[in-house]
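My numbering puts the sequence shown at residues 8 to 266. Using N, Cα and C, we set each Cβ at its ideal position, and we do this for glycine too. Accompanying notes for the structure given below.
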Amino acid sequence: DLVLTAAHCFGDGTDDPSGILVLTGDSEDEPSQVLSVADYGMHPEFCNPVHDPTCADQRDIYDFAWVRLAAPVIPAPDPLPVVIVDPALHHRLIRAGAELVLVGYGQDDRGQLGTKREVTTDIDGFTAAGLEFRAGGHGRDSCFGDSGGPAFARLDDGRLALAGVLSRGGECGEGGLYGVPFPELCWLRDSSGTDFLPAGCAACDCVALFEAQEQEEGCGCVSASPVGAGDGEGGGLALALAELGLLGLFGLRRRRRRR
8 DLVLTAAHCF GDGTDDPSGI LVLTGDSEDE PSQVLSVADY GMHPEFCNPV HDPTCADQRD
68 IYDFAWVRLA APVIPAPDPL PVVIVDPALH HRLIRAGAEL VLVGYGQDDR GQLGTKREVT
128 TDIDGFTAAG LEFRAGGHGR DSCFGDSGGP AFARLDDGRL ALAGVLSRGG ECGEGGLYGV
188 PFPELCWLRD SSGTDFLPAG CAACDCVALF EAQEQEEGCG CVSASPVGAG DGEGGGLALA
248 LAELGLLGLF GLRRRRRRR
């Protein structure tokens with residue numbers, strides 16, 4: 008099982024995997040399962056604001072990391088969240104104004120940490136390159152301790168699809184910045200060995216973050232099955248679901264504060 012989270016949760020990336028634990032359940036204090044980590048990897052282009060102050064004001068800092076569990080989660084979450092690998096589905100779900108579900112174990116308005124919570128909010132807008140989006144505000148937001156957790160979009164059949172991974176933010180309640188996983192599928196394959204890319208997209212030539220860009224440049228992807236066909240919205244994309252876990256469903260034992 009592979010878990011996707013934020014790179015800044017791992018400092019400089021020199022920590023031994025044996026010192027990292029992944030928890031499941033609704034409470035970090037009383038987890039349903041405590042899982043060891045076999046390996047992890049950080050995005051090579053991650054610009055860490057802790058080690059490079061110039062990164063603090065940058066956008067698109069590639070704040071991604073993957074964690075491979077030493078053993079699978081038992082029982083696995085059912086249904087598993089959808090991994091978006093279809094450009095048409097991405098364009099429809101990941102857009103300004105789209106509703107999201109934020110999930111995490113972070114601080115609430117009473118300052119309490121460690122309980123899994125969720126809140127709905129909207130995507131406010133994207134960076135120029137489309138690699139990050141801003142979401143949350145007006146008191147409906149992620150907070151300290153939610154770093155690396157997911158922002159989900161909801162499919163018509165009720166399943167959740169991974170829209171973003173929380174990277175950083177300002178004051179709690181004022182919104183945060185989320186990395187978009189879709190354009191990082193090639194890195195995830197090359198770094199972890201787990202391939203979510205659909206047929207015809209080995210070079211990630213299909214990854215167009217905006218629909219206009221796709222129309223101008225063309226796209227090499229062929230979806231596993233038409234969107235909305237087969238086992239529900241996303242079709243054959245559900246074949247990828249058994250591999251990827253999400254830290255909004257799980258929690259890292261060593262929690263770092265959101266930036």
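Review point. With a CB to CB cut of under 8 Å and the five nearest residues on each side skipped, what residues in its chain are close to Gln222?
Key: As a first step, residue 222 is located in the sequence shown; it is residue number 215 there, counting from the start. Reliability fails at Gln222, whose pLDDT of 47 lies under 50, so the model's placement of it is uncertain and no value is given.
Exercise for review: Would you verify that the beta carbon of Leu167 is, or is not, closer than 8 Å to some beta carbon of chain C?
Suggested key: Of the chains in the structure shown, none is chain C; there is only one protein chain.
Review point. Is the segment 48-55 in contact with the segment 14-31, if contact means three or more CB pairs nearer than 8 Å?
Key: yes
Point to revise | Proximity of Ala142 and Phe159 at Cβ, strictly below 8 Å | key: On the sequence shown, position 135 is the one that residue 142 refers to. On the sequence shown, position 152 is the one that residue 159 refers to. No; because the gap between Cβ atoms is not below 8 Å, this pair is not in contact.
Practice item. Please name the residue in Pro24, Val92, Asp8 whose C-alpha comes closest to that of Leu76. Key: Within the sequence shown, numbered from 1, the residue matching residue 76 stands at position 69. Per the Cα distances, Asp8.
Check your understanding: Is it buried or exposed for Ile81, if we count other Cβ within 10 angstroms and need 16 for buried?
Key -> Reading the sequence shown from its first residue, position 74 is the one you call residue 81. The residue is exposed, with fewer than 16 neighbouring Cβ atoms inside 10 Å.
Check your understanding: Alpha carbon to alpha carbon, how far is Gly155 from Trp73?
Key -> For this step, residue 155 is matched to residue 148 along the sequence shown. For this step, residue 73 is matched to residue 66 along the sequence shown. Distance between the alpha carbons of Gly155 and Trp73 is about 10 Å.
Check your understanding: If you draw a straight line from the alpha carbon of Gly152 to that of Val90, how long is it in whole angstroms?
Key -> Translated into the one-based positions of the sequence shown, residue 152 becomes position 145. Translated into the one-based positions of the sequence shown, residue 90 becomes position 83. Answer to the nearest angstrom: the Cα atoms are 24 Å apart.
Exercise for review: Could you check how far apart the C-beta atoms of Arg166 and Ile130 are, in whole angstroms? I think they sit under 8 Å.
Suggested key: On the sequence shown, residue 166 is found 159 positions in, with the first residue counted as 1. On the sequence shown, residue 130 is found 123 positions in, with the first residue counted as 1. So it is not a contact: roughly 19 Å between Cβ atoms.
Exercise for review: Can you grab the Cα-Cα spacing for the pair Ile27 / Tyr47, in whole Å?
Suggested key: Within the sequence shown, the letter at position 20 stands for residue 27. Within the sequence shown, the letter at position 40 stands for residue 47. Each residue's CA atom was taken as its position, placing Ile27 and Tyr47 some 10 Å apart.
**Study point:** Check whether Ala168 and Pro94 have beta carbons under 8 Å apart
**Key:** In the sequence shown, residue 168 corresponds to position 161, counting from 1. In the sequence shown, residue 94 corresponds to position 87, counting from 1. Cβ distance not < 8 Å, so Ala168 and Pro94 don't count as in contact.
Check your understanding: If we count the other Cβ atoms within 10 Å of its Cβ and call it buried at 16 or more, is His97 buried or exposed?
Key -> The residue you call residue 97 lines up with position 90 of the sequence shown. The residue is buried, with at least 16 neighbouring Cβ atoms inside 10 Å.
Check your understanding: Considering only C-alpha positions, which residue in the set Asp64, Thr128, Leu162, Asp59 is nearest to Asp148?
Key -> The sequence position of residue 148 within the sequence shown is 141, counting from 1. Among Asp64, Thr128, Leu162, Asp59, the Cα nearest to that of Asp148 is on Thr128.
Check your understanding: What number of angstroms, rounded off, separates the C-alpha of Phe133 from the C-alpha of Pro60?
Key -> Translated into positions along the sequence shown, residue 133 becomes position 126. Translated into positions along the sequence shown, residue 60 becomes position 53. Their Cα atoms are separated by approximately 22 Å.
Exercise for review: Work out the CA separation of Leu42 and Phe140 for me, nearest whole Å.
Suggested key: Position 133 of the sequence shown holds residue 140. Position 35 of the sequence shown holds residue 42. Spanning the alpha carbons of Phe140 and Leu42 requires a straight line of approximately 31 Å.
Review point. Count the other CB atoms within 10 Å of the CB of Ser34; is the residue buried (16 or more) or exposed (fewer)?
Key: For the purposes of this step, residue 34 is taken as residue 27 along the sequence shown, with counting starting at 1. When all chains shown are included, Ser34 counts as exposed.
Point to revise | Minimum length 3: unbroken beta strand (DSSP E) runs contained in the segment 102-181 | key: The beta strand (DSSP E) runs lying completely inside the segment 102-181 and spanning 3 residues or more are 106-111, 124-133, 139-142, 157-161, 167-176, given in chain order.
Review point. Considering only residues of the same chain and omitting the five flanking positions on each side of Gly235, which have a CB-CB separation below 6 Å?
Key: On the sequence shown, residue 235 is found 228 positions in, with the first residue counted as 1. Caution applies to Gly235, whose pLDDT of 31 falls short of 50 and renders its modelled position unreliable; the model cannot decide the point.
Exercise for review: Could you tell me how far apart the beta carbons of Ser174 and Ala13 are, in whole angstroms, since I believe they sit closer than 8 Å?
Suggested key: Locating residue 174 in the sequence shown gives position 167, where the first residue counts as 1. Locating residue 13 in the sequence shown gives position 6, where the first residue counts as 1. About 6 Å; that satisfies the 8 Å criterion.
Practice item. State the start and end residues of the unbroken beta strand (DSSP E) segment that holds Arg75. Key: Taking the sequence shown and counting its residues from 1, the one referred to as residue 75 is at position 68. Where Arg75 is concerned, the enclosing beta strand (DSSP E) stretches over 72-76.
Check your understanding: Hey, out of Leu184, Asp197, Ala206, Ala209, whose CA is closest to Tyr69's CA?
Key -> For the purposes of this step, residue 69 is identified with residue 62 of the sequence shown, where counting begins at 1. That would be Leu184, whose Cα lies nearest to the Cα of Tyr69.
Exercise for review: Using only alpha-carbon positions, find the residue among Gly146, Ala209, Gly186 that is nearest to Arg196.
Suggested key: Here residue 196 refers to the residue found at position 189 of the sequence shown. Selected option, being the one with the closest Cα: Ala209.
Review point. From Leu100 to Ala135, what distance separates their C-alpha atoms?
Key: Here residue 100 corresponds to residue number 93 of the sequence shown, with the count starting at 1. Here residue 135 corresponds to residue number 128 of the sequence shown, with the count starting at 1. Looking at the two C-alpha atoms, the distance is approximately 18 Å.
Practice item. Pull up the distance between the alpha-carbon of Arg66 and that of Phe189, whole angstroms please. Key: For the purposes of this step, residue 66 is identified with residue 59 of the sequence shown, where counting begins at 1. For the purposes of this step, residue 189 is identified with residue 182 of the sequence shown, where counting begins at 1. For Arg66 and Phe189, the distance between alpha carbons rounds to 17 Å.
Review point. Can you tell me whether Pro51 is buried or exposed, with buried defined as 16 or more other CB within 10 angstroms of its CB?
Key: For the purposes of this step, residue 51 is taken as residue 44 along the sequence shown, with counting starting at 1. Label assigned to Pro51: exposed.
Review point. Apart from the five residues on each side of it in sequence, which residues of its chain come closer than 6 Å, Cβ to Cβ, to Gly180?
Key: As a first step, residue 180 must be located in the sequence shown, where it is residue number 173. These residues qualify, in order along the chain: Gly146, Asp148.
Exercise for review: Could you pull out every residue in the same chain whose Cβ sits closer than 6 Å to the Cβ of Phe203, ignoring the five residues on either side in sequence?
Suggested key: Stepping through the sequence shown from its first residue, residue 203 is reached at position 196. Its chain contains Val90, Val92, Leu192, Ala247 as the residues whose beta carbon lies nearer than 6 Å to that of Phe203, once the 5 sequence neighbours on both sides are disregarded; these appear in chain order.
Practice item. Provide the residue span of the beta strand (DSSP E) that contains Leu28, from first to last. Key: On the sequence shown, position 21 is the one that residue 28 refers to. 28-31 is the span of the beta strand (DSSP E), which, as asked, contains Leu28.
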